[in-house]
Ligand code: WT7
């Protein structure tokens, strides 16, 4: 595989450059040096040991990696650290307490600037209050909150006390919250009374109450529900005495000094549930030292970070791994100044993000391609109405970025010069894995380019042979990495089966994505090859949506696929067979079915289209042929139908479409 860092800009047929070398001014002062690749290549473990020592360890580690119990890794063996102290206290101790950690922007327009000293005060108070509840290291805390400062404070207080947090996206339903609370046996749930969405307060605690249930049905593990008053919209907020407490009456009055304890490098830091190929979400487990090392190191190098002058903005929600790694742990461990914005990009209007960039002089902006495509739809006159000259580096994450969106991003937001880092990684990888290093690696519209220093990934065929340039195959990670998941919560078998069985003989991790090398050897991620869909950068399994649909009394069977979508990357298309007794009431029924999915999972899982069909295409062994449904949904000629039991089903489906 030849180098993907070539400095040449090749013209394609229509004279649009297919590669962009690092801008010389950028390259000259880049944080990452070209030598990092060689250094890591020569001694990968020494490279990570060096990166780990960018952190503050209370006890140094004795071994970098223990892989004897593969695929269960131990990184930085014997080391002890406190993750929250690394994100907060360390910067205050270094004399940077007055530096703004978070410029918080609320959706209705209220703002807060929170310095590292402020953060230390608030995290200490929360830690003291959590301790007073009797929580001890190892107990789990569920966090079901919108993007308010208290969410970050809660996460850091958990880290400070060694309480693994399980953040559940506040857009998820009560049912989704309940299954996560039960699986993790969370003792504390932290939430808000409500959240602002498109200018309106919407209830949130209501969902917690319905999730946790009462009497015989109550979630057994939960002792307390801590509520931040955010919207104050409901004077009659339901309150369970003895269980529910207000943040402003408890945390806010707790002592603001707290002495932290150092935890083992492998102490569990958090669980984050993500969709797999079956209906039941997996509790991905991350631990302390290795995770923080990689997210801190990649934040520093990939975002070319300068703590004195940069203003970073990651547009992700804390409910996803991007929010964990590059909104909480990566930036704060580096003493960064960052934006946290509570709301949607078009509230009160489409100028919102650009106003924020202009006002705070944002330098580094990290969002998903879906949002870029949405901006494109809104039109360039919106960003053009603002001074975006502070932007010097742009990032993309969550799904493949189409070259057209990439070029628009660079031209319209990046003034035709800002490098774009297209970062491929996953909930399971914890931190970035494949991405250009700005100032070092050339970039190509649509390509994540190559594995970062210290990461070993390749594209292989069914027989585990690396594919040639111009070919595609499976994206595998063939050496352990510091931020790798340490397992699936209480399900070691599923962990081994899901990630390590496809290339068991080689001992490789299979990520679930297909990828290809281009003729320069640059890596292009093609997307999931399993039954996982990617909707606006959110991961949703086909079977989760199918089970929500069959939960509707009228549905006998459902098949769901992700079909190409201009804006959201993929859109959910469902095919349902009704029960004999169900009357097809047309649009009313379709709406009911969509609402059912919304309620069972989340509005983000709501199908774009639902077709009532008489039959589903199945193989002789009874497997639904999703590939063919995808062909139908995307309006293509059908692929191979020879294994179908009854090839005529498609005529019936097409008639319906
Ligand atoms: C899946 C992981 C990475 C954090 C957010 C999503 C897709 C992610 C890229 C990218 C192409 C990407 C993959 C991956 N994906 N980043 N830069 N280019 N595809 O985390 O929910 O765990 O989803 O997102 O398919 O497997 P996640």
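Numbering (the working numbering), first residue to last: 830 to 1486.
For each residue, glycine too, the CB sits at the ideal point set by N, CA and C.
Looking at residue 1347 and the ligand WT7, is the gap between the Cβ and the nearest heavy atom below 8 Å?
Residue numbering aside, residue 1347 sits at position 518 when the chain shown is read from its first letter. Taking the Cβ of residue 1347 as the reference point, every heavy atom of the ligand WT7 lies at 8 Å or farther away.
Could you say which of 927, 1051 and 936 lies nearest to residue 968 if we only look at CA atoms?
Your numbering for residue 968 matches position 139 in the chain shown. Residue 968 has its Cα closest to that of 1051, out of 927, 1051 and 936.
Does DSSP classify residue 832 as helix, strand or coil?
For this step, residue 832 is matched to residue 3 along the chain shown. Confidence in residue 832 is poor, its pLDDT being 37 and thus under 50, which makes the residue's placement too unreliable to answer from.
Whole angstroms is fine: what's the gap from residue 1506's alpha carbon to residue 849's?
The question about residue 1506 has no answer here: the residues shown for the chain are numbered 830 through 1486.
Quick check: is any heavy atom of the ligand WT7 less than 8 Å from the C-beta of residue 1329?
Sequence index remark: in the chain shown, residue 1329 carries index 500 (1-based). False, no ligand heavy atom lies under 8 Å from that Cβ.
Which residue's Cα is closest to the Cα of residue 1251: 1243, 933 and 1272?
Stepping through the chain shown from its first residue, residue 1251 is reached at position 422. If we check each option's Cα against that of residue 1251, 1272 comes out closest.
Using C-beta distances below 6 Å, list every residue in its chain close to residue 1355, excluding the 5 sequence neighbours before and after it, in chain order.
In the chain shown, counting from the first residue as 1, residue 1355 sits at position 526. Cβ within range, chain order: 1343 and 1344.
DSSP three-state call for residue 911: helix, strand or coil?
Position 82 of the chain shown, counted from the start, is the residue given in the question as residue 911. DSSP places residue 911 in coil when its eight states are reduced to three.
Leaving out the 5 sequence neighbours to the left and right, which residues in its chain are closer than 6 Å to residue 1338 when beta-carbon positions are compared?
Position 509 of the chain shown, counting from 1, holds the residue named residue 1338. Closer than 6 Å at Cβ, skipping near neighbours: 1306 and 1328.
What would DSSP say about residue 1394, mapped onto helix, strand or coil?
In the chain shown, residue 1394 corresponds to position 565, counting from 1. In the structure shown, residue 1394 sits in a strand (DSSP, three-state: E or B).
Residue from 855, 1446 and 1454 whose Cα sits closest to the Cα of residue 1477
Numbered from 1 along the chain shown, position 648 holds the residue referred to as residue 1477. Here the closest residue by C-alpha is 1446.
Which two residues bound the contiguous alpha helix (DSSP H) that contains residue 1205?
One-based indexing of the chain shown puts residue 1205 at position 376. Counting along the chain, the alpha helix (DSSP H) containing residue 1205 begins and ends at 1198–1207.
For a test of your reading of the model: does the CB of residue 1209 fall under 8 Å from any non-hydrogen atom of the ligand WT7? Yes or no.
In the chain shown, the residue the question calls residue 1209 occupies position 380. False, no ligand heavy atom lies under 8 Å from that Cβ.
Helix, strand or coil at residue 1187 according to DSSP, with G and I counted as helix
Working through the chain shown from its first residue, we reach residue 1187 at position 358. In the three-state DSSP reduction, residue 1187 falls in the helix class (H, G or I).
Among all residues, which have a Cβ less than 7 Å from at least one non-hydrogen atom of the ligand WT7, and in what chain order do they fall?
1103, 1149, 1150, 1151, 1225, 1226, 1227, 1228, 1229, 1230, 1251, 1252, 1253, 1254, 1255, 1256, 1257, 1277, 1340, 1341, 1342, 1354, 1356, 1357, 1363, 1366, 1367 and 1368
Residue 966: buried (16+ other C-beta within 10 angstroms of its C-beta) or exposed?
Taking the chain shown and counting its residues from 1, one reaches residue 966 at position 137. That one is exposed.
If distances are taken between C-alpha atoms only, which option among 1034, 1003, 1423 and 1267 comes closest to residue 858?
For the purposes of this step, residue 858 is taken as the residue at position 29 of the chain shown. Residue 1267 is the option with its Cα nearest to residue 858.
I need the DSSP call for residue 1238, collapsed to helix, strand or coil.
Within the chain shown, residue 1238 is the residue found at index 409, counting from 1. Helix at residue 1238.
For residue 1364 and residue 891, I'd like the C-alpha separation in whole angstroms.
Within the chain shown, numbered from 1, the residue matching residue 1364 stands at position 535. Within the chain shown, numbered from 1, the residue matching residue 891 stands at position 62. Computed Cα separation, rounded: 43 Å.
Beta strand (DSSP E) runs wholly inside the stretch 1257–1313, at least 3 long, in chain order:
1286–1289 and 1301–1306
Separation of residue 1432 from residue 1465, as counted between CA atoms:
Locating residue 1465 in the chain shown gives position 636, where the first residue counts as 1. Locating residue 1432 in the chain shown gives position 603, where the first residue counts as 1. For residue 1465 and residue 1432, the distance between alpha carbons rounds to 28 Å.
Check whether the Cβ atoms of residue 1062 and residue 1000 lie closer than 9 Å to each other.
Locating residue 1062 in the chain shown gives position 233, where the first residue counts as 1. Locating residue 1000 in the chain shown gives position 171, where the first residue counts as 1. The answer is no: Cβ separation not under 9 Å.
Measure the C-alpha to C-alpha separation of residue 1105 and residue 1357 and round it to an integer number of angstroms.
Counting from one through the chain shown, the residue named residue 1105 turns up at place 276. Counting from one through the chain shown, the residue named residue 1357 turns up at place 528. The alpha-carbon atoms of residue 1105 and residue 1357 are separated by roughly 11 Å.
Work out the CA separation of residue 1281 and residue 876 for me, nearest whole Å.
Against the chain shown, residue 876 aligns to sequence position 47. Against the chain shown, residue 1281 aligns to sequence position 452. Distance between the alpha carbons of residue 876 and residue 1281 is about 12 Å.
Can you check the stretch 919–976 for any alpha helix (DSSP H) of at least 4 residues that lies completely inside it and give the ranges in chain order?
945–961
Assuming residue 1166 and residue 1140 form a contact by the criterion Cβ under 8 Å, report the distance between their Cβ atoms to the nearest whole angstrom.
For the purposes of this step, residue 1166 is identified with residue 337 of the chain shown, where counting begins at 1. For the purposes of this step, residue 1140 is identified with residue 311 of the chain shown, where counting begins at 1. Confirmed, about 5 Å.
Identify the continuous beta strand (DSSP E) that holds residue 903 and give its terminal residues.
For the purposes of this step, residue 903 is taken as the residue at position 74 of the chain shown. Residues 903–906.
Quick check on residue 839: does DSSP put it in helix, strand or coil?
Against the chain shown, residue 839 aligns to sequence position 10. With a pLDDT of 41 at residue 839, under the threshold of 50, the predicted position of this residue should be treated as unreliable, though the coordinate-derived value follows. The answer is coil: DSSP assigns residue 839 none of H, G, I, E or B.
Taking only the alpha-carbon atoms, compute the straight-line gap between residue 1311 and residue 983 and give it to the nearest angstrom.
Taking the first residue of the chain shown as 1, we reach residue 1311 at position 482. Taking the first residue of the chain shown as 1, we reach residue 983 at position 154. Cα to Cα, residue 1311 sits roughly 25 Å from residue 983.
DSSP state of residue 1182, grouped into three classes?
On the chain shown, position 353 is the one that residue 1182 refers to. Three-state DSSP puts residue 1182 in a helix.
Touch test, the stretch 913–926 against the stretch 1038–1053, Cβ-Cβ under 8 Å, three pairs minimum:
no
Any chance you could list the beta strand (DSSP E) runs of at least 3 consecutive residues sitting entirely within the stretch 1395–1477, in chain order?
The qualifying runs are 1398–1407 and 1438–1441.
If you drop the 5 nearest sequence neighbours on each side, which residues of the same chain put their C-beta closer than 7 Å to that of residue 1259?
Looking up residue 1259 in the chain shown gives position 430. Taking C-beta separations shorter than 7 Å and ignoring five residues to either side along the sequence, the partners of residue 1259 in its chain run 1115, 1120, 1123, 1124, 1154, 1312, 1313 and 1314, following chain order.
Any chance the stretch 1421–1432 sits against the stretch 1367–1374, with 3 or more Cβ pairs inside 8 Å?
Using a C-beta cut-off of 8 Å, the stretch 1421–1432 makes contact with the stretch 1367–1374, since at least three inter-stretch Cβ pairs fall below that distance.
CA nearest to the CA of residue 1038, picked from 1069, 951, 1016 and 1025:
Sequence index remark: in the chain shown, residue 1038 carries index 209 (1-based). Minimum Cα distance to residue 1038 is reached at 1069.
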